[in-house]
Every structure is written in structure tokens, then in C-alpha cells.
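Trainee: Before we start, here is the structure in question, set down as C-alpha cells.
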Amino acid sequence: MEFYSQDAASAANAAACTSLFAGHTVLLPAVSNANLGQLTLDLMINTLLQNGEAFDVELTRVGHLLSEAAPPIAGGAAFATQQPNTLCLNLEVYQSKARKLTIIQQRAPVLPGRAHAFSQELVEWAIKSKVATLGVVAGCDDMLRHDPNMMSRPIRTIYSADATQLDEAFLTRFEGLTTNTEGGQEATETSASSSADQWKPIRGAGLAPLLHAECDEQKLPFIAWVMPCAEGNNVPDAAAMTTQLFRSLRITPKQTPDPVAMPSSMPQMLPFAFPPSWNQLFGRGPDVSLYL
Numbered sequence: 001m002e003f004y005s006q007d008a009a010s011a012a013n014a015a016a017c018t019s020l021f022a023g024h025t026v027l028l029p030a031v032s033n034a035n036l037g038q039l040t041l042d043l044m045i046n047t048l049l050q051n052g053e054a055f056d057v058e059l060t061r062v063g064h065l066l067s068e069a070a071p072p073i074a075g076g077a078a079f080a081t082q083q084p085n086t087l088c089l090n091l092e093v094y095q096s097k098a099r100k101l102t103i104i105q106q107r108a109p110v111l112p113g114r115a116h117a118f119s120q121e122l123v124e125w126a127i128k129s130k131v132a133t134l135g136v137v138a139g140c141d142d143m144l145r146h147d148p149n150m151m152s153r154p155i156r157t158i159y160s161a162d163a164t165q166l167d168e169a170f171l172t173r174f175e176g177l178t179t180n181t182e183g184g185q186e187a188t189e190t191s192a193s194s195s196a197d198q199w200k201p202i203r204g205a206g207l208a209p210l211l212h213a214e215c216d217e218q219k220l221p222f223i224a225w226v227m228p229c230a231e232g233n234n235v236p237d238a239a240a241m242t243t244q245l246f247r248s249l250r251i252t253p254k255q256t257p258d259p260v261a262m263p264s265s266m267p268q269m270l271p272f273a274f275p276p277s278w279n280q281l282f283g284r285g286p287d288v289s290l291y292l
């Protein structure tokens, strides 16, 4: 896997990658059920590009990755800040230097039979670039769950079971992490003896389990956010997952709502900016007269 900086004709060397990504949390989607990971990072990127000042985050595109295991595709502009004639590439890389946050947006699945190769080379690239943590955002199949409470749709946070990777720096990098399993809206999975055990009850999460196993083998800290979902209009799911990511990464708006005007029981509304590429993505809602 090679990184090409913005408008560069040749791949960046290891020293250049280290200077860009050392100490960063790298987020990428698992091409998974309902494309939830890609939708979430689309919403996150567009929000920080368009409304970055509201969160005190400056996000810029720094380049893209190139892998023989993933198809090199190009498409139209996806975000509000891009010119209409701008092309979007597979594995584009966006970064906030101040936050030490890097986001990789994967637009197409890996080639058939290359899943293990892609996972291995991505983790190897991250290690060579001195990345601090690899984070994956994924959806899982809501129809194949075996949870005790099937009415809830918790966002699960799964991270390295290896105790040697659960150092103080990792646990304090993300909001709400502990070494124990917690209940509630966000379920934290860390008690299993291996990464494979943590993913046994989850289906449809794409390459997330493979990336977790590869990170454990290479001793790279790993974290994943996984939400059960079904195919359909997944904009509400993407908004819920993005809200959780902002909370975990401690990205909060500079101006908070007046506590007198907002009931304390209501969650804080974030100033999301939905990507223009989502226009007519899911079509119109059903005619309400059908239910009258």
C-alpha cells in the first residue's frame, strides 16, 4: 500500500508518511451492511469540512492511498466544499493535524479474494507510519443478531483484548473506554480472550474482524464502532453513529445550547452538514396518505 500526497506524481516515502501520520488515530469504514461505515464517514468529513469552525477542527484532504487489492475508482465531487469538477477517489485521506485525526474514506470494496492481503498491507502501512490507533466504523446485520434484547440497537465499541495494548494513552484517547463490559446505549466489548471471540455474535461487519485480528497480531491498538442496521434509508443510523464518534473522539461544538432552553433529558443537537452527494440517495419517503 502506498500513500500519494495531494497532487503528487509519486508515492510518499516512509519518512514522509511518518511525519504526516505519527501519533494519529486513523479511521476508516468497513464496507459492510447498509454501507453504514461509509455513510458515517461521509457525514463526518462533510460536517468538519463545512462546519469545522463550529467544532474547532480544521480538516483538509492530504492525499489518497493506492492498493493493488482495492480497485482505483473515480467519481464526482462528494462534499459541499469541493468544486463541481473535482474527482473523488477510492481511499481518500483527510486529516486534522491539531486533533491528530486521519480519516480514510473507502469508496469501493476490496477485490475478490484479496481481503486478507488488503488487511495485512493496511496494518503494515499504519505501523510503518507510526499510527497510534486504527479505528473502524461498521454496520452489522440486524437480522442475524442474538442479543438478549432485540428491541435495542446499541453501538458496540470493540477494542483490543490484549492487555498489553490497553495502556493509559489508549484508554484516555477515547471518551468512555474502560476495561470492563458496560451496558446501555454503548456496549463495550473487551472481556473476550481474543479478537475472534469478540466478533462471533456479529455478522455482516465486513473486514472489521480481519483488521482487528491483524492489528492484534502486529500489536497495533485497534478500536471499532459497530451498529446493527438493516438495508434501507440509513441516514438516521449514520447520524447516530457520527454522534457517537464525535463523543468518543471528544469533538464537541464550541457553542453549546442554553441549558435553560433545552431540557436536560434531551441529547445535544450537533450541527451536522449532510453531503450534497446524498441528495435523492434514498428517494422520497412513503406517501403518508397510505397510512390514513
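Sequential numbering from 1 applies to the sequence shown in full-length UniProt numbering.
Backbone N, C-alpha and C define an ideal beta-carbon position, used for all residues, glycine too.
(1) Taking just the CA atoms, how far does R284 sit from L65?
(2) Figure out for me which residue from K219, C88, A70, T40 has the closest Cα to the Cα of G63.
(3) For D142, count neighbouring Cβ atoms within 10 angstroms of its own Cβ and tell me buried if that reaches 16, exposed if not.
(4) Who are the near neighbours of N13 in its chain, counting only those whose CB is closer than 8 Å to its CB and skipping five residues on each side?
(5) Leaving out five residues before and five after F170 in sequence, what residues of the same chain have Cβ atoms less than 7 Å from its Cβ?
(6) Could you say if the region 20-38 and the region 125-132 meet the contact criterion of at least three C-beta pairs nearer than 8 Å?
(7) According to DSSP, is Q185 helix, strand or coil?
(8) Which of the three DSSP states, helix, strand or coil, is assigned to A192?
(9) Would you say M44 and E121 are within 7 Å of each other, going by their C-beta atoms?
(10) Specify whether the region 101-117 and the region 70-81 touch according to this definition: at least 3 beta carbon pairs, one from each stretch, less than 8 Å apart.
(11) Using C-beta distances below 7 Å, list every residue in its chain close to R114, excluding the 5 sequence neighbours before and after it, in chain order.
(12) Against chain D, with Cβ distances strictly below 7 Å, would Q95 count as a contact?
(13) When burial is assigned at 16 or more other CB atoms within 10 Å of the CB, is T42 buried or exposed?
(14) Looking only at C-alpha atoms, which of V136, T252, A8, A98 sits nearest to residue 300?
(15) Taking just the CA atoms, how far does K219 sit from P276?
(16) Would you mind listing the alpha helix (DSSP H) stretches within the region 221-252 that are 4+ residues and don't spill past its ends, in chain order?
(17) Just the Cα atoms here: how many angstroms apart are D197 and P209?
(18) With C-beta atoms as the reference, is C215 less than 7 Å away from V123?
(19) Less than 7 Å between the beta carbons of L27 and G139, yes or no?
(20) Identify every run of the beta strand (DSSP E) within the region 39-66, keeping only runs that are complete inside it and at least 3 residues long; order them along the chain.
(21) Between which two residues does the beta strand (DSSP E) carrying V26 extend?
(22) Could you check if L144 is buried or exposed, using at least 16 other CB atoms within 10 Å of its CB as the buried criterion?
(23) Starting from L101 and walking both ways along the alpha helix (DSSP H), at which residues does that stretch end?
(24) Is G75 helix, strand or coil when you go by DSSP?
Mentor: Well, looking at it:
(1) 35 Å
(2) C88
(3) buried
(4) none
(5) T133, P221
(6) yes
(7) Residue confidence is low: Q185 scores 45 on pLDDT, short of 50, so the model does not pin down where it sits. No coordinate-derived value is stated.
(8) Any answer about A192 is weak, because its pLDDT of 47 lies below 50 and its placement is not dependable; what the coordinates show is given next. DSSP places A192 in coil when its eight states are reduced to three.
(9) no
(10) yes
(11) A69
(12) The structure shown contains no chain D; it holds only a single protein chain.
(13) The question names Thr, yet the displayed sequence has Asp at residue 42. So D42 ends up on the buried side.
(14) Absent from the structure is residue 300, since the part of the chain shown begins at 1 and ends at 292.
(15) 39 Å
(16) 235-248
(17) 10 Å
(18) yes
(19) no
(20) 60-66
(21) 25-29
(22) exposed
(23) Not the alpha helix (DSSP H): L101 falls in the beta strand (DSSP E), residues 101-105.
(24) strand
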